[in-house]
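*Asks:*
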Amino acid sequence: MRKIEKLLVANRGEIALRVMRSAREMGIKTVAIYSEADRQALHVRYADEAVCVGPPASSASYLRGDVILEVCKRLGVDAIHPGYGFLSENAGFAQQVQEAGITFIGPSPEAIELMGSKLAAKAAVAKYNIPMVPGTEYAITDIEEAKVIASNIGFPILIKASAGGGGKGMRVVERVSDFEEQMQLAVSEATSAFGNGAVFIEKYIGSPRHIEIQVLGDTHGNIVHMFERECSIQRRHQKVIEEAPSSVLTPELRAEMGRCAVDVAKACDYVGAGTVEFLLDENKNFFFLEMNTRLQVEHPVTEQITGLDLVKEQIKIAQGAPLSFSQEDLTISGHALELRVYAEDPTNNFLPDIGTLTTYKRPQGLGVRVDDGFEEGMEIPIYYDPMIAKLVTFGKDRQEAIEKMIRAIDEYQITGIETTLPFGRFVMEHEAFRSGDFDTKFIERYFQDPSVLKPAPTQDEEAMAAVLAALFAGKVKQSTATPTSSAAPTGSMSDWRKNRLK
Ligand code: ADP
Ligand code: ADP
Ligand code: MG
Numbered sequence: 001m002r003k004i005e006k007l008l009v010a011n012r013g014e015i016a017l018r019v020m021r022s023a024r025e026m027g028i029k030t031v032a033i034y035s036e037a038d039r040q041a042l043h044v045r046y047a048d049e050a051v052c053v054g055p056p057a058s059s060a061s062y063l064r065g066d067v068i069l070e071v072c073k074r075l076g077v078d079a080i081h082p083g084y085g086f087l088s089e090n091a092g093f094a095q096q097v098q099e100a101g102i103t104f105i106g107p108s109p110e111a112i113e114l115m116g117s118k119l120a121a122k123a124a125v126a127k128y129n130i131p132m133v134p135g136t137e138y139a140i141t142d143i144e145e146a147k148v149i150a151s152n153i154g155f156p157i158l159i160k161a162s163a164g165g166g167g168k169g170m171r172v173v174e175r176v177s178d179f180e181e182q183m184q185l186a187v188s189e190a191t192s193a194f195g196n197g198a199v200f201i202e203k204y205i206g207s208p209r210h211i212e213i214q215v216l217g218d219t220h221g222n223i224v225h226m227f228e229r230e231c232s233i234q235r236r237h238q239k240v241i242e243e244a245p246s247s248v249l250t251p252e253l254r255a256e257m258g259r260c261a262v263d264v265a266k267a268c269d270y271v272g273a274g275t276v277e278f279l280l281d282e283n284k285n286f287f288f289l290e291m292n293t294r295l296q297v298e299h300p301v302t303e304q305i306t307g308l309d310l311v312k313e314q315i316k317i318a319q320g321a322p323l324s325f326s327q328e329d330l331t332i333s334g335h336a337l338e339l340r341v342y343a344e345d346p347t348n349n350f351l352p353d354i355g356t357l358t359t360y361k362r363p364q365g366l367g368v369r370v371d372d373g374f375e376e377g378m379e380i381p382i383y384y385d386p387m388i389a390k391l392v393t394f395g396k397d398r399q400e401a402i403e404k405m406i407r408a409i410d411e412y413q414i415t416g417i418e419t420t421l422p423f424g425r426f427v428m429e430h431e432a433f434r435s436g437d438f439d440t441k442f443i444e445r446y447f448q449d450p451s452v453l454k455p456a457p458t459q460d461e462e463a464m465a466a467v468l469a470a471l472f473a474g475k476v477k478q479s480t481a482t483p484t485s486s487a488a489p490t491g492s493m494s495d496w497r498k499n500r501l502k
């Protein structure tokens, strides 16, 4: 076993803190890197040492693999944890880390490269009996041929970037006459966003649920799965609410999907923590989507139901230890939910909101976990992902986890910035979510009128409204001569309501 003594976390925000916490419990020294925009960040203060790696833009700081390796050499770092996003799925970086004699906490560069391409991944798992979404197995270049294939599959179809990620690089095509234009747009988008214009066709599954399986492999050839997470509540093909276990999987289906996920991991000799993503259709047929070769944003829900610390497992595996449990040792206990608290305005198409956390008070209590990287008074930098926190609740069953989530959302106080908290409450109270009868179309189907987020007035508000109404009436009487002033009380009333919502 190679004991890791000093770990550099090549990331920021909540995930940097979360990784450092586990490292500290294991007696490992931690090094933070930060950009000029993150000087005051919590991960910088938490680490034993911290080094500024450049200006705010990611490309000038968190993505500077060369600078990060320099820091490692200077400070005697023996391992790098990449978190998620940034360099976590960059095979070239993983290779350079390895060549510098530093442990990369993740799979081999070969596995990252293979699974980083959705097409190569599908080809690699072809020899196992894994169901795939019908579509092309190669990048499409000939538009006429592609049109024929698309018509055979049947519209609507999806044109997808092979190198895509983060919900980007996908285009739904409804009819053959739109195909050519959409394909050209898809190729140019893929080229500019991922530096790779390869696109392919997939059948567009109408009402799928997103179910993914957490896997863990060691350097001795053991691979287990840690059950599923359901991530069907999405906006822009990106997850907002996740849970474990899923409310629709039977033990048989769970075992079958688990087995497939382990096979996908075997197909690339996977080492470390990874996630195999599937779509599940209305008839409970599942299809392999892709594998993410890193720690996933929503990993805490799996930790809550299995009692395992995934970061510690990653570190132990990187140190060369065999897994200390087998598949049969793993069981599901209770139910966990995660709400990604984004600095986004759910009443305005979930557009990112910018500003300062004027008030920031976390919920607490039994069954509530908050993974975040901010404090009251801090600004949400515009340069990075707008996630403020992950609010996780854990209960003996789904019902209890939902009750705790509603309670925690109500306790969470954030002003100065719009967040996804009110949307989270809407979902938790929605019959479709509560009954478990929902899919990735949830927002499209049930959240077309965001004004539903405005809460019913409380007693205090009603009393205040009565006072304002009386004042307003008085003003109107006085102001018949100056009608322009009559707008003011209404305006202040809605501002006051709006502030309360924040
Ligand atoms: P997860 O896949 O863990 O559920 P996300 O899809 O939200 O979570 O991705 C996690 C982070 O990684 C986000 O900050 C996202 O923007 C980023 N990300 C994911 N894939 C890519 C990619 N291919 N290129 C750039 N950033 C990515
Ligand atoms: P990314 O790399 O961006 O995470 P994925 O292939 O994992 O891309 O897909 C992200 C989301 O897009 C899925 O969770 C699902 O909601 C939607 N999606 C992807 N492929 C399909 C498909 N063939 N049919 C319907 N929805 C899809
Ligand atoms: Mg995905």
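Note that full-length UniProt numbering has the sequence shown beginning at 1, numbered continuously upward.
Ideal Cβ placement from N, Cα and C applies to all residues, glycine included.
1) Just list the alpha helix (DSSP H) runs in the stretch 405-441, keeping only unbroken ones of 4 residues or longer that don't cross its boundaries, in chain order.
2) May I ask which residues mark the beginning and end of the beta strand (DSSP E) holding His81?
3) Applying the 10 Å Cβ sphere with the 16-neighbour rule, what's the burial state of Thr141?
4) For Val53 and Gly65, I'd like the C-alpha separation in whole angstroms.
5) Based on Cα-Cα distance, which residue from Ala91, Pro381, Ile402, Gly436 lies nearest to Ser58?
6) Count the other CB atoms, across all protein chains shown, that sit within 10 Å of the CB of residue 505; report buried if there are 16 or more and exposed otherwise.
7) So does Asn222 have its beta carbon nearer than 7 Å to some heavy atom of ligand 3?
8) Just checking Leu289 against ligand 2 - is the residue's beta carbon closer than 7 Å to any of the ligand's heavy atoms?
9) Under the criterion of a Cβ to heavy atom distance below 7 Å, does Asn11 qualify as lining ligand 3?
10) Between Pro122 and Lys160, is the Cβ-Cβ spacing less than 8 Å?
11) Which residue marks the beginning of the alpha helix (DSSP H) containing Asn152, and which one marks its end?
12) Quick one: grab the DSSP three-state call for Tyr342.
13) According to DSSP, is Gln238 helix, strand or coil?
14) Would the beta-carbon of Glu89 be found less than 7 Å away from any heavy atom of ligand 3?
15) Could you name the residues whose beta carbon sits closer than 7 Å to any heavy atom belonging to ligand 2, keeping them in chain order?
16) Could you tell me whether the stretch 193-205 touches the stretch 302-320, where touching means 3 or more Cβ pairs closer than 8 Å?
17) Taking 7 Å as the cut-off, is the C-beta of Asn292 nearer than that to any heavy atom in ligand 3?
18) Mapping the DSSP letters down to three states, classify Pro109 as helix, strand or coil.
19) Pick from Ile417, Asn348, Thr419, Glu338: whose alpha carbon is nearest that of Phe394?
20) Between Thr356 and Gly334, is the Cβ-Cβ spacing less than 8 Å?
21) Decide if Thr419 is buried, meaning its Cβ has at least 16 other Cβ atoms within 10 Å, or exposed.
22) If contacts are defined as beta-carbon pairs under 8 Å, then Ala267 and Val125 qualify, I think. What distance do you get, rounded to the angstrom?
23) To the nearest angstrom, report how far apart Gln399 and Asp178 are at their CA atoms.
24) Using beta-carbon positions only, say whether Leu185 and Arg171 come within less than 8 Å of one another.
25) Taking only three categories from DSSP, how would you classify Thr325?
26) In terms of residues, what are the limits of the alpha helix (DSSP H) holding Ala261?
*Replies:* The answer reads as follows:
1) 421-429, 431-435
2) 79-81
3) exposed
4) 10 Å
5) Pro381
6) Absent from the structure is residue 505, since the part of the chain shown begins at 1 and ends at 502.
7) no
8) yes
9) no
10) The amino acid at residue 122 is misidentified as Pro; the sequence shows Lys. The answer is no: Cβ separation not under 8 Å.
11) 143-153
12) strand
13) strand
14) no
15) Lys118, Val133, Leu158, Lys160, Gly164, Gly165, Gly166, Gly167, Lys168, Gly169, Met170, Glu202, Lys203, Tyr204, Ile205, Pro208, His210, Cys231, Gln234, His237, Glu277, Leu279, Leu289, Glu290, Thr440
16) no
17) yes
18) helix
19) Glu338
20) no
21) buried
22) 5 Å
23) 44 Å
24) yes
25) Contrary to the premise, residue 325 reads as Phe rather than Thr in this sequence. Coil, per DSSP.
26) 251-267
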